[in-house]
Structures are given as structure tokens and as C-alpha cells.
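Chains as they are written, first to last, in the numbering used here: chain A, 1 to 296; chain B, 1 to 296. We treat Cβ as the ideally placed atom computed from N, Cα and C, and that holds for glycine. What follows is a set of notes on a single structure, which appears directly below.
Protein chains: 2
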Amino acid sequence: MFTEGRGTTEQVATFLAIVRTRNFRAVARERGQSQGAVSQQLRKLEVALGVRLIKRDARGCLPTPEGTGFLVFAESLLRLNARAVEVLRTHRIAIGASSNIGIYLLQPYIKSYFDGCAGHRLPDIQIHQNPVIAHKLDTGEIDVATLEWWDNRPGYVARPWRREELVAIVPPGHPWAALPRLPSAALQGVPLLGGESGTGTGRILARYFGAQLGDMQIGMRLGSTEAVKQWVKAGLGVSLVLAGTVADECREGTLVAIPLEGEAPNKELYVVWRESLAADSPARAFGEWLAAHAVG
Amino acid sequence: MFTEGRGTTEQVATFLAIVRTRNFRAVARERGQSQGAVSQQLRKLEVALGVRLIKRDARGCLPTPEGTGFLVFAESLLRLNARAVEVLRTHRIAIGASSNIGIYLLQPYIKSYFDGCAGHRLPDIQIHQNPVIAHKLDTGEIDVATLEWWDNRPGYVARPWRREELVAIVPPGHPWAALPRLPSAALQGVPLLGGESGTGTGRILARYFGAQLGDMQIGMRLGSTEAVKQWVKAGLGVSLVLAGTVADECREGTLVAIPLEGEAPNKELYVVWRESLAADSPARAFGEWLAAHAVG
DNA sequence: ACACGTTACGGCAACCGTAAGGATT
DNA sequence: AATCCTTACGGTTGCCGTAACGTGT
């Protein structure tokens, strides 16, 4: 299963190859086996599952409805197997990052960490919505994650990583663009564009504005910071985003970021990994390194 | 793998049993094998992975750090196997539901559908945050899901299910409690408690209030509707929730729900399943049935 | 004829049970 | 001495490659 051999995993891999190529002989060539063996492997799998997976026909072979249904499991199983050997043997790391972090903030850390250590191969990096990353930690698909929000569930180690300021962004030429700092009163009654949900930004804004009786109007929730930036550039509204997500645009002058007045709202970012990670595992080492290089 | 036999899956199961019982002989009895076979299975697994999983010691055997790290994969693999046979052979359904739906809205449908059909065994029902459910659809862990928010990703069928109204909730005795309908102006400047994130409620409120220049203040995000209800009961704020989530409290008089004035904001709920589900599969049948019994 | 999947057969590798061996309490 | 895991040995099972077969184009 976890390496070359002849077991059920090979049957599943053969099944996938058959679905892909629709030709037993091609599969046999591809997998370095005889054509009879391919027939036999599929047959064993079908008997084990008690279901016909492939409909053999004179003009090609197609998956049955059951076979199509089995596809998703076959893929998940092989992915999980591959991931398991990767973790235990090659020690390749899988890093998860919630969207904003993965897209805008993480690269320099990855570069400086993995460039320095010649022994490391580049890690597998997955970027998803915050809650999806949390779920992938659960299933073992990723070892260590950088998150915008964490619920302190048991079995995990969570370390504060950086504290990222929220800044207002406006298009160039906007009346606010010249201001050094934005009074919180200015935001009252202005339509505010929202980005990805489930990242805890709402809570932070509530703490910042709520105490000052700010009246904020949340406009559309666009689902991603990238979308928010485009809308702001187009003059369709203003927004509050993590400062690091607009560094490039500010340099190029396509957006203007304005820090908020007073004690600026900021979001705590976390590095999280499973407690069960070996103390000397590369994934944990990377997590500890990130936490040690906390900024802010 | 998918049934009794002697392959890698048996090795993984043996590994898990060893970690649990910490006694090779007990595992042998439990699995109806000789003790030598247990030794050998673990050994094969360790060789295949290239890692020592269990540290055998005179006073018991414990998982090594690598073994602990492998645990999560072992469990995921067996879960996936079990789920695969369940789907293909026993045809048991796995239903996912985002938190609010699973906790408050789904039960009557489950009851009326599965009570009526004697042939069906009760389904596996999983309740998680909306994005986690979406991810579990991807991995095949669930067949069909009821969701508060769906991103129309390809490969899935999404049907509108019901349209659930958002109502304001206040504690009994609150000044608003006697109002038949709540003017949207009343909510301006009032701290509003937020529930689970990632469910699209923010977008809906923005559409309702935004057009009317409403100024809303989002208070804390408490993460769950259950928490919101407790805070509202305690007089710490008011909130907007799906009407169905407070039906019981309104009947008991512990909360008062007030419909909003004008065209009330409402949330469209969806039933979603993978396109690859067989047209005659029980999961799809249930999904279609739900969609056909759409309310609102 | 040709291309394709199925089936039968012989050889080989893998796994299991039995049972003896070494270590620790 | 008792308990526990390891290891060696013999029997059986299962899988693979070869090759003959049936079928549809």
C-alpha cells in the first residue's frame, strides 16, 4: 500500500488508470504489468466491493454509476497514502494557510526558511478558507497552518505569530487619500466592502468601533481580498484589509492605504500544529521557527 | 482492504489495535489471529513505511513519535475504507448539514423521510461549519449536504431548498418585544450579536440595510447561534437569526422574535450533492426529495 | 485479420499458525 | 516462574506472467 507491492492499493490505482485511459492494455503497459493482471486486479476489487465498477464493452470500457461514485474514494485513498509516506519517510512538509496569509504574507518566510536549509525540499503549500484549513489539520492533510482565526480546540498547539494591522484602502484621488490617519468617525455610514468570511475580522472591527459607538455599514461580502481590491480600485467603495495584503498596490500607487486613528485595530495571526507532531519533526521545526520570527 | 482479507489495511487495523491495547496478545485474540502474525503485520508495516511505529519495551509497548504521527492517517484511511463500502454496498447515506440547519431545521425532514421508508436504515448525519461541510463533500465523507451558503463550484448539483426568514430576537420585557414588526431604523446604532461566520448572513443583511442606508453595528461574533441566544436571553444585546432557530424559545417565552419591517431579509438554503452520485442512489433520492419538499 | 478483455495454468512470493527462543519482572 | 515479543519453519493462499480463447469491428 504505502510502497510498491501487490495489494489493494495497487488495485485501486489500476482502477483509476482504467477510468482514465479506458484501455486495459494501455494500463498494463503504463504499470509494467501483463494485461491479464490488470483484468484480475479489477476483478478482485469488484468482488471485494461487491459491485461492478467498470462496464466492459466491445467499443471501450466505461465506469458504471457505482464506479463513478467510487472514484472520489479511490482518489482520496491514494492521496492519503501518498501523504502518509511523505510525512513519515521523506519528511516533506504540508503547510496550510488561510487565504489572505497564503496569498500575501507567507512567501518571504517560506523563501527565507527553505532557501537556507539545503536539506529541505520545498513544502507542499495549500491555501484555502480558514475553516477548511482547520479541517485539513484534522485529517492530517496538512501538518502546520497559519490561520487568521483559531478556536483553541484540544489536541493542537497554537502560537501567536504576527499581529497585522487593519488599514483602510481607497482609490487614488479619493478625498481621504491625502490623510495621514483616518478618524474612525469618517467611516460612519460609508459602505464598507467585506472580504472572506470566517476569518474573525468582524469581531475585531466590532471591538474597535463598537466601543466608540461607531456606526458602520457593511456592504457586500465579496468573498476574497482580491475581489475587494478590484472593487475599491474601481471606485465602488472602500474597505478595511490587512496591511500586508495591499503593500504592492500602495507601492505602485493603484491603491492608497490609510492607517486608522488611535489604537489601530489589528488581527492576531496564529501558527497551529497537532500536538502529536514529533518534537523533532521538520513540520514542527518550521512552526516553531515561524513563531520565533513573530513580528509585532 | 475493503473487506476481510490480508493486506495493508489489516496491518493498519492491527497497528491501531496495538496502540489502543498496548498488548500484542490481546490484539491477536481480538482479531482472531496468532500472536506471531500480529508481530509480523506490524513489522511489515514498519518496513513499508521505513519507520519504527511502536517501541517495544519490557513493560509494555508505546507508539514512537512517528507512530503517533501516523495515527491520524491510520484512522483516516480506515474511516475512508469503511465509508467506501458503506456507500457502495450497504448504501447507507451520509448527510452533512451546516450548524444552524443541522441543529434546528433538519430533524423533521429526516424523521418523516426515514420513518416512512422501512427499507432505509438511519443515515449518518454530520454537523459542522458551512465550509467544513463543503470540504467533506469534496472528500466523499458525505454524500449530500444542506448548506447556508454555496459557491457554485463545478461538479456539484445545488438545488434551492427553503427560504428562511431572518428575525430580530430580544429578551422578554425588551422595549421592542411588543412591536408586531421592527422598523429597520430601530436597529441603527444598536450592538448586534453575530453568530457563526461563513454562512452568508452578512451579505444578506448588507443587501437589506445597505440600500436603506442603515447604520449597523456588528458586536461580538460569538461563533454559534446557541451562544447568541444565551447572550440575548441574558440581556447583553439583540441579534438577527434564522426564524427556525428560535421557534422553541418563542413558544416558551424565553425569547421574543420580531419580524422585520418591509421586505424581510431571508436566506436561501441549498441542498447539494456531487454530480457523480448515481441517478438512482439513495443519497440522491434523499436530496431530490428534500428539494421537492422545498418550503417557501 | 485485428484489437480487446477473459480465463486457465504453472511458478513464485507473501502470509499465517505453530512453536521454540531471549528478555524482563 | 510468568509474561511478553521475536524469530524460524512448514503449509497454504494469492498474485503474476504466459498464452490460449471468445467476441465484436
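- Taking 9 Å as the cut-off, the beta carbon of Arg163 (chain B) is found closer than this to the beta carbon of Leu269 (chain B).
- Contact annotation for Phe15 (chain B) against chain A: no contact, minimum CB-CB distance about 12 Å [criterion: below 8 Å].
- Excluding the 5 residues flanking it on each side, Thr21 (chain B) has same chain C-beta neighbours closer than 8 Å at Val27 and Glu30, in chain order.
- Judged by DSSP secondary structure, Asp248 (chain A) falls within the alpha helix (DSSP H) whose first and last residues are Ala247 to Glu252.
- The criterion of a C-beta distance shorter than 9 Å is not satisfied by Val144 (chain B) and Gly200 (chain B).
- Ranked by how close their Cα comes to the Cα of Ile125 (chain A), the residues A:Ser281, A:Glu252, A:Phe286 and A:Pro154 have A:Phe286 in first place.
- Contacts with chain A (Cβ-Cβ distance below 7 Å) from the stretch 126-159 of chain B involve Gln129, Pro131, Val132, His135, Thr139 and Gly140, listed in chain order.
- Runs of beta strand (DSSP E) with 3 or more residues, each lying fully within the stretch 171-211 of chain B, are found at 191-194, listed in chain order.
- Taking 3 residues as the minimum length, the beta strand (DSSP E) runs contained wholly in the stretch 117-162 of chain A are 124-128 and 144-147, in order along the chain.
- In this structure, the straight-line span from the alpha carbon of Leu42 (chain A) to that of Glu141 (chain B) is close to 23 Å.
- Closer than 8 Å at the C-beta level to chain A, one finds these residues of the stretch 78-98 of chain B: Leu80, Asn81, Arg83, Ala84, Val85, Val87, Leu88 and Arg89.
- In chain order, Thr146, Arg159, Trp161, Gly287, Leu290 and Ala291 place their CB closer than 6 Å to the CB of Val271 (chain A), counting only its own chain and leaving out the 5 sequence neighbours on each side.
- Under the Cβ criterion of 9 Å, Asp115 (chain A) is not counted among the residues facing chain B.
- Identification of residues in the stretch 267-284 of chain B having a C-beta nearer than 8 Å to some C-beta of chain A yields Arg274, Ser276, Leu277, Ala278, Ala279, Asp280 and Ser281, given in sequence order.
- Ile127 (chain B) and Tyr104 (chain B) have their C-alpha atoms roughly 11 Å apart.
- Of the residues assessed, Ala74 (chain B) falls on the buried side of the cut-off, its CB having 16 or more other CB atoms within 10 angstroms.
- Val256 (chain B) is positioned such that its CB atom lies closer than 9 Å to that of Cys250 (chain B).
- Looking only at A:Gln188, A:Ser197, A:Tyr156 and A:Tyr113, the smallest Cα-Cα distance to Trp149 (chain B) is reached by A:Ser197.
- For Glu261 (chain A), the secondary structure class from DSSP, reduced to helix, strand or coil, is coil.
- Ser224 (chain A) sits in coil when the DSSP states are folded into three classes, being neither helix nor strand.
- Cβ neighbours of Phe15 (chain B) within its own chain (closer than 7 Å, five residues either side excluded): Leu42, Leu45, Leu53 and Ala74.
- Look at the stretch 59-120 of chain A and you find these whole runs of beta strand (DSSP E), each 3 residues long or longer: 60-63 and 94-98.
- Within the model, the alpha-carbon separation for His135 (chain B) versus Pro180 (chain B) is close to 41 Å.
- Contact check for Gly50 (chain B) and Arg121 (chain A): beta-carbon distance about 16 Å, past the 8 Å limit, so the pair fails to qualify.
- From the beta-carbon of Leu71 (chain A), the residues of chain B found nearer than 8 Å are Ser276.
- At least one CB of chain B lies nearer than 9 Å to the CB of Ser76 (chain A).
- Straight-line measurement puts the Cα of Ala234 (chain B) at about 31 Å from the Cα of Gly195 (chain A).
- Taking a Cβ-Cβ cut-off of 9 Å, the neighbours of Pro65 (chain B) in chain A comprise Ser276, Leu277, Ala278, Ala279, Asp280 and Ser281, given in sequence order.
- The shortest C-alpha to C-alpha distance from Ser98 (chain A) to any of A:Phe70, A:Leu137 and A:Val167 is the one to A:Leu137.
- With a threshold of 16 other beta carbon atoms within 10 Å, Asn130 (chain A) meets it and is buried.
- Residue nearest to Pro259 (chain A) within the set A:Arg153, A:Ala168, A:Ala247 and A:Trp231 is A:Ala168 (criterion: CA-CA distance).
- Bounds of the beta strand (DSSP E) holding Glu268 (chain B) are Asn266 to Arg274.
- Proximity of Gly7 (chain A) to chain B, defined by a Cβ-Cβ separation below 9 Å, is satisfied.
- A Cβ of chain B is located within less than 9 Å of the beta carbon of Gly50 (chain A).
- Counting only runs of 3+ residues, the beta strand (DSSP E) found wholly inside the stretch 2-63 of chain B occupies 54-57 and 60-63, in chain order.
- In the displayed model, Ala285 (chain A) falls within a helix according to three-state DSSP.
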